[in-house]
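Let me begin by presenting the structure, written as structure tokens, before commenting on it.
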Amino acid sequence: FLQLDIKRIHSYTGQDVFGNFLKSEFSEENIEFWLACEDYKKTESDLLHCKAEKIYKAFVHSDINIDFRTRESTAKKIKAPTHTCFDEAQKIIYTLMEKDSYPRFLKSNIYLNLLNDLQANSLK
């Protein structure tokens, strides 16, 4: 069982290869939401409310694949936002990517091409 390491995948290339794979599967909102949450955690406290609303409207309101209870819980949390108000939804999306998208990514041509490129560059 391989663990999804989004930061490591992202650091290997100048582009987001896993994100490109998700785009090919029409599920890029998952990685975009996850990255938005990571960025949100670094937000200054006085900007949390504005940024929380943007993330909620862009992803949580309808886009990402989370259950109704989590969607409602997140909606309540952003009324008085903290740095952790998206943690529950983010964990669900991470798990979804880890168990669903990531195993397919590891078998994809996009990933195999990345490995070939990395090998070729390491031989130079």
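Just so it is clear: in the sequence shown, position 45 is 45 by the UniProt record's numbering, and no numbers are missing.
Heads up, the beta-carbon is just placed ideally off N, CA and C, and yes, glycines get one too.
Determine the direct distance from the alpha carbon of leucine 123 to that of tyrosine 56, and round the result to whole angstroms.
-> Reading the sequence shown from its first residue, position 56 is the one you call residue 56. Reading the sequence shown from its first residue, position 123 is the one you call residue 123. In a straight line, the C-alpha of tyrosine 56 is about 45 Å away from that of leucine 123.
Within 10 angstroms of its Cβ, does leucine 47 collect 16 or more other Cβ (buried), or is it exposed?
-> The residue labelled residue 47 in the question sits at position 47 within the sequence shown. Leucine 47 comes out exposed.
Pick from Ala80, Pro103 and Asn109 that is closest to alanine 52, judged by C-alpha positions = Along the sequence shown, one-based indexing puts residue 52 at 52. The shortest C-alpha separation from alanine 52 is found at Ala80.
Nearest-angstrom Cα separation, counted from lysine 107 out to phenylalanine 33 | Here residue 33 corresponds to residue number 33 of the sequence shown, with the count starting at 1. Here residue 107 corresponds to residue number 107 of the sequence shown, with the count starting at 1. One C-alpha to the other measures close to 23 Å.
Start-to-end residues for the alpha helix (DSSP H) that takes in asparagine 116 = On the sequence shown, position 116 is the one that residue 116 refers to. Unbroken alpha helix (DSSP H) run through asparagine 116: 109-123.
Same chain, Cβ closer than 6 Å to threonine 43, five either side skipped, listed in chain order = Here residue 43 refers to the residue found at position 43 when the sequence shown is read from its first residue. The residues are Lys51.
By DSSP, does alanine 58 sit in helix, in strand, or in coil?
-> Counted from its first residue, the sequence shown places residue 58 at position 58. Helix at alanine 58.
Give me the Cβ distance between isoleucine 110 and phenylalanine 21, rounded to the nearest whole Å; I'm assuming they're in contact under 8 Å.
-> For this step, residue 110 is matched to residue 110 along the sequence shown. For this step, residue 21 is matched to residue 21 along the sequence shown. 5 Å between Cβ atoms; contact.
Secondary structure, alpha helix (DSSP H): runs of 4+ residues fully inside the UniProt domain "RGS" (14-115) | 17-24, 28-40, 48-55, 68-77, 87-96 and 102-106
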